[in-house]
Amino acid sequence: MGKAFYYQPVSLWDNSTGEEVLTSFKTTFSFQIKNITGKNDIYHIADGLAFFLSPYPPPLSENVSPCGALGLLKLSTIFNSTSGQLLRPDQIVNQHMVAVEFDTFYNGQWDPLESMYNSSHIGIDINTINSTVSKVIPTNLFINKYMTAQISYDNGTKILSLYLSEDGNNSNNYEISTMVNLASYLPNEVAIGFSAATGCKDKNAVELHQLYLWSFNSTLEMVPSTNRKSILSSGVVGAMIASAAILLLLVGTFLYFIGKKHLIKKSGEQEMEYDESIDQEFEKGRGPKKFQYNELATATDNFAESKKLGEGGSGSVYRGILVGEGTHDVAIKRVSKAPEYSKKEYISEVKIISQLRHRNLVELIGWCHDHNKFLIVYELMHNGSLDTHLYRKDTVLPWSLRHQIALGLGSALLYLHTEFKKCVLHRDIKPSNVMLDSSFNVKLGDFGVSRLVNHNSAAQTLPAGTMGYIAPECLQKGQATAQSDIYSFGVVLLEIACGRRHYAKFWFL
Numbered sequence: 000m001g002k003a004f005y006y007q008p009v010s011l012w013d014n015s016t017g018e019e020v021l022t023s024f025k026t027t028f029s030f031q032i033k034n035i036t037g038k039n040d041i042y043h044i045a046d047g048l049a050f051f052l053s054p055y056p057p058p059l060s061e062n063v064s065p066c067g068a069l070g071l072l073k074l075s076t077i078f079n080s081t082s083g084q085l086l087r088p089d090q091i092v093n094q095h096m097v098a099v100e101f102d103t104f105y106n107g108q109w110d111p112l113e114s115m116y117n118s119s120h121i122g123i124d125i126n127t128i129n130s131t132v133s134k135v136i137p138t139n140l141f142i143n144k145y146m147t148a149q150i151s152y153d154n155g156t157k158i159l160s161l162y163l164s165e166d167g168n169n170s171n172n173y174e175i176s177t178m179v180n181l182a183s184y185l186p187n188e189v190a191i192g193f194s195a196a197t198g199c200k201d202k203n204a205v206e207l208h209q210l211y212l213w214s215f216n217s218t219l220e221m222v223p224s225t226n227r228k229s230i231l232s233s234g235v236v237g238a239m240i241a242s243a244a245i246l247l248l249l250v251g252t253f254l255y256f257i258g259k260k261h262l263i264k265k266s267g268e269q270e271m272e273y274d275e276s277i278d279q280e281f282e283k284g285r286g287p288k289k290f291q292y293n294e295l296a297t298a299t300d301n302f303a304e305s306k307k308l309g310e311g312g313s314g315s316v317y318r319g320i321l322v323g324e325g326t327h328d329v330a331i332k333r334v335s336k337a338p339e340y341s342k343k344e345y346i347s348e349v350k351i352i353s354q355l356r357h358r359n360l361v362e363l364i365g366w367c368h369d370h371n372k373f374l375i376v377y378e379l380m381h382n383g384s385l386d387t388h389l390y391r392k393d394t395v396l397p398w399s400l401r402h403q404i405a406l407g408l409g410s411a412l413l414y415l416h417t418e419f420k421k422c423v424l425h426r427d428i429k430p431s432n433v434m435l436d437s438s439f440n441v442k443l444g445d446f447g448v449s450r451l452v453n454h455n456s457a458a459q460t461l462p463a464g465t466m467g468y469i470a471p472e473c474l475q476k477g478q479a480t481a482q483s484d485i486y487s488f489g490v491v492l493l494e495i496a497c498g499r500r501h502y503a504k505f506w507f508l
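Note that numbering that gives the first Met the number 0 has the sequence shown beginning at 0, numbered continuously upward.
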């Protein structure tokens with residue numbers, strides 16, 4: 000049993016100005032749970048790993064619950080002080096803790112009944128270890144496999160979500176989410192980190208928890224305590240200025256919306272409201288076009304599983320056949336994240352890729368935002384993505400093709416960073432985003448987290464991407480640059496040369 004957490008508290012919410020301001024955050028980490036052979040070569044996996052938020056500092060290992068509670072709770076809160084018996088789940092409340100658990104062992108006291116036979120499940124725990132929401136996953140999915148987890152919290156929707164995937168296997172993806180106001184359960188400054196535990200009664204119930212690279216990005220900055228008094232003392236003047244500004248803003252907003260036409264679509268449920276200027280912005284230039292949702296649904300047999308080419312962190316990609324001026328095979332990406340994230344990534348990807356013209360970039364055919372769904376249509380890459388060829392056991396890419404792929408990817412980056420009118424930071428260069436056409440020519444894709452910055456400027460943006468391909472200085476400084484794209488490119492070059500997946504340093508828990 001053990002804990003690893005960030006060395007200082009992190010701001011979760013702030014009300015120093017009289018109004019509660021709650022953060023949004025996103026954390027990504029890679030981990031592996033390994034089985035360890037016990038006595039007489041017998042072993043049982045138990046109990047699991049969890050990412051947690053709790054009051055700072057969190058309770059130390061010698062004072063917390065082992066085994067199925069994953070070291071998350073204080074011992075004094077889960078046992079009856081008189082009888083010494085374990086309390087029922089409904090009695091283990093008010094723990095001031097929120098956790099996302101990756102559980103490898105079924106504990107009948109609090110784990111979901113449906114996980115009895117599969118053992119493994121993921122869950123979100125709020126104020127107790129009885130998960131608010133959970134999902135059973137295949138037995139031993141975690142064991143000896145590299146997993147990547149992305150946990151996000153949106154301060155607008157109050158949705159806490161988990162996206163879990165197995166590296167190199169696009170079919171093993173799992174999502175859960177729940178609505179929670181974190182300010183109702185946690186103090187304004189919290190500890191963030193990881194807790195893990197092995198079995199108790201069975202000495203053979205052990206497992207090794209390995210944590211790989213970890214990033215955490217938050218929208219709320221710390222307010223130094225020395226400044227809070229001055230903030231409060233100027234509150235009256237600030238309130239007057241703010242009131243005047245808000246009044247002007249409301250009047251301006253009213254006049255703006257009176258003179259502007261909005262398009263609202265409804266189909267039995269509330270649909271998104273979007274600005275027609277998005278279409279106008281996308282349609283600048285020639286080539287890409289807007290599609291209707293029913294056109295793309297027909298092209299993919301209503302997004303049938305048999306048409307699915309792959310699935311990633313931002314959505315699924317389907318093979319489609321467009322019938323019109325001839326018949327065209329295309330790849331249709333359906334963004335599947337929560338709407339507030341999918342719209343942002345969708346707009347970013349379409350606006351950027353529609354401006355780019357290079358032989359080593361995927362060609363945009365069109366787009367669709369309809370029925371509260373976001374879809375992007377690309378040319379079909381008949382040889383799929385680079386990762387499907389690099390790590391195969393049955394075939395090996397010849398050196399001539401590896402050299403061709405490396406040159407093509409380098410050419411794409413040179414164009415993005417120096418030859419286009421602005422510098423394009425891709426921020427997620429990895430083999431699964433390097434597409435290959437029928438002649439194994441490189442087509443770099445997935446611009447959902449890309450950003451435009453000016454040339455020859457110090458402009459920087461927040462880091463994004465996939466653990467293992469992100470430059471260390473990005474995680475340390477919280478900034479991404481063209482140089483961090485080059486680092487990712489270097490990692491991909493190593494994989495092209497070695498034919499093996501790259502993994503970074505890890506820590507034991």
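By construction, the Cβ of each residue, glycine as well, lies at the ideal position given by its N, Cα and C atoms.
Does Q519 come out as helix, strand or coil in the three-state DSSP assignment? No answer is possible for residue 519: it lies beyond the span of the chain, which begins at 0 and ends at 508.
What residue range does the alpha helix (DSSP H) around V491 cover? Taking the sequence shown and counting its residues from 1, one reaches residue 491 at position 492. Start and end: 481-497.
With DSSP run on the structure shown, which of helix, strand or coil describes E516? Lying outside 0 to 508, the shown extent of the chain, residue 516 is not represented and no answer is given.
Helix, strand or coil at D393 [DSSP, three-state]: On the sequence shown, residue 393 is found 394 positions in, with the first residue counted as 1. Under the three-state reduction of DSSP output, D393 falls in the coil class, being neither helix nor strand.
Use the C-beta contact count for P397: other C-beta atoms within 10 angstroms, 16 or more gives buried, fewer gives exposed. Start at 1 with the first residue of the sequence shown, and residue 397 comes out as number 398. Note on P397: under 16 other CB atoms within 10 angstroms of its CB, so exposed under the neighbour-count rule.
Nearest to Y5 by CA position, among S183, A98, I191, L21, is which residue? If you number the sequence shown from 1, residue 5 lands on position 6. Distance from the Cα of Y5 is smallest, within the candidate group S183, A98, I191, L21, for I191.
Could you tell me whether the stretch 46-55 touches the stretch 178-189, where touching means 3 or more Cβ pairs closer than 8 Å? The stretch 46-55 vs the stretch 178-189: in contact.
N-terminal and C-terminal residue of the alpha helix (DSSP H) that K157 is part of: Indexing the sequence shown from 1 puts residue 157 at position 158. Annotation for K157: no alpha helix (DSSP H) segment contains it, and DSSP assigns it neither H nor E.
Ignore the nearest five residues each way along the sequence and tell me which others in L492's own chain have a CB closer than 7 Å to its CB. Here residue 492 refers to the residue found at position 493 of the sequence shown. Taking C-beta separations shorter than 7 Å and ignoring five residues to either side along the sequence, the partners of L492 in its chain run A405, following chain order.
For V135, the nearest candidate out of K306, I142, I175, K144 (CA to CA): The sequence position of residue 135 within the sequence shown is 136, counting from 1. The residue with the shortest Cα to Cα distance from V135 is I175.
Inter-residue spacing [alpha-carbon to alpha-carbon] between S487 and G323: Counting from one through the sequence shown, the residue named residue 487 turns up at place 488. Counting from one through the sequence shown, the residue named residue 323 turns up at place 324. Answer to the nearest angstrom: the Cα atoms are 40 Å apart.
Between T480 and L413, what straight-line distance do the alpha-carbon atoms span, to the nearest angstrom? To locate residue 480, count along the sequence shown from 1; it is residue 481. To locate residue 413, count along the sequence shown from 1; it is residue 414. Straight-line Cα distance between these residues: approximately 14 Å.
How do the stretch 146-165 and the stretch 25-34 stand: do at least 3 beta-carbon pairs fall below 8 Å, yes or no? Yes: at least three Cβ pairs fall under 8 Å.
At least three beta-carbon pairs within less than 8 Å, the stretch 353-368 to the stretch 287-295: Yes, the stretch 353-368 is in contact with the stretch 287-295.
Minimum Cβ-Cβ distance from Y292 to chain B less than 8 Å: The displayed structure is made up of one protein chain only, and chain B is not part of it.
Quick one: give me the first and last residue of the beta strand (DSSP E) that Q149 is part of. Looking up residue 149 in the sequence shown gives position 150. Q149 -> beta strand (DSSP E) spans 146-153.
Could you tell me whether the stretch 416-424 touches the stretch 432-451, using the rule of 3 or more Cβ pairs below 8 Å? Yes: at least three Cβ pairs fall under 8 Å.
Candidates C497, N301, K157: closest to Y184 by CA position: Start at 1 with the first residue of the sequence shown, and residue 184 comes out as number 185. Selected option, being the one with the closest Cα: K157.
Alpha carbon to alpha carbon, how far is N34 from N172? Counted from its first residue, the sequence shown places residue 34 at position 35. Counted from its first residue, the sequence shown places residue 172 at position 173. C-alpha separation (whole angstroms): 22 Å.
According to DSSP, is N293 helix, strand or coil? Along the sequence shown, one-based indexing puts residue 293 at 294. Helix.
Among residues of its own chain, excluding the 5 on either side of V361, which ones have a beta-carbon nearer than 8 Å to its beta-carbon? On the sequence shown, position 362 is the one that residue 361 refers to. Here the set comprises I352, Y377, E378, M380, M434, K442, L443, G444.
Could you name the residues of the same chain whose beta carbon sits closer than 7 Å to that of N382, not counting the 5 residues immediately before and after it, in chain order? Against the sequence shown, residue 382 aligns to sequence position 383. Apart from the 5 residues on each side of it in sequence, N382 sits with its Cβ closer than 7 Å to the Cβ of L435, D436, S437, F439 in its chain, given in chain order.
Between G319 and K306, how many whole angstroms is the CB-CB distance? I'm expecting something under 8 Å. Here residue 319 refers to the residue found at position 320 when the sequence shown is read from its first residue. Here residue 306 refers to the residue found at position 307 when the sequence shown is read from its first residue. Confirmed, Cβ separation roughly 7 Å.
Using C-beta distances below 6 Å, list every residue in its chain close to N180, excluding the 5 sequence neighbours before and after it, in chain order. Here residue 180 refers to the residue found at position 181 when the sequence shown is read from its first residue. Here the set comprises K157.
Give the secondary structure of E100 by DSSP, where H, G and I count as helix, E and B as strand, and everything else as coil. Taking the sequence shown and counting its residues from 1, the one referred to as residue 100 is at position 101. Strand at E100.
Y345 in three-state terms, based on DSSP: By 1-based counting over the sequence shown, the position of residue 345 is 346. Here Y345 carries a helix assignment [DSSP, helix/strand/coil].
Given a cut-off of 8 Å on the beta-carbon distance, is the pair T177 and T131 in contact? Along the sequence shown, one-based indexing puts residue 177 at 178. Along the sequence shown, one-based indexing puts residue 131 at 132. Against a cut-off of 8 Å, the Cβ pair of T131 and T177 comes out as a contact.
Neighbourhood of A330 by C-beta, 6 Å cutoff - its chain only, sequence neighbours within 5 removed: The residue labelled residue 330 in the question sits at position 331 within the sequence shown. Cβ neighbours of A330 beyond the five flanking positions: V316, Y377, L379.
What's the gap between the Cα of N129 and the Cα of I123? Your numbering for residue 129 matches position 130 in the sequence shown. Your numbering for residue 123 matches position 124 in the sequence shown. In a straight line, the C-alpha of N129 is about 9 Å away from that of I123.
Nonlocal neighbours in the same chain, by C-beta distance under 6 Å from L140, ignoring five residues either side: Indexing the sequence shown from 1 puts residue 140 at position 141. Cβ within range, chain order: S119.
Closer than 7 Å by C-beta to A411: which residues in its own chain qualify, once you throw out the five before and the five after it? Chain order, please. As a first step, residue 411 is located in the sequence shown; it is residue number 412 there, counting from the start. A distance below 7 Å between beta-carbons, with the five flanking residues on each side excluded, links A411 to the following residues of its chain, in chain order: H357, N359, L360, V441, L443.
So I121 packs on L163, CB below 8 Å; how close in whole Å? One-based indexing of the sequence shown puts residue 121 at position 122. One-based indexing of the sequence shown puts residue 163 at position 164. Correct: roughly 6 Å between the Cβ atoms.
Extent of the continuous alpha helix (DSSP H) to which K306 belongs: Within the sequence shown, numbered from 1, the residue matching residue 306 stands at position 307. No alpha helix (DSSP H) holds K306; DSSP gives it neither H nor E.
Helix, strand or coil for L474? Go by DSSP, reduced to three states. Your numbering for residue 474 matches position 475 in the sequence shown. Helix, per DSSP.
Under the three-state DSSP convention, the category H388 falls into: Here the question's residue 388 lines up with position 389 in the sequence shown. When secondary structure is reduced to three states using DSSP, H388 falls in the helix class.
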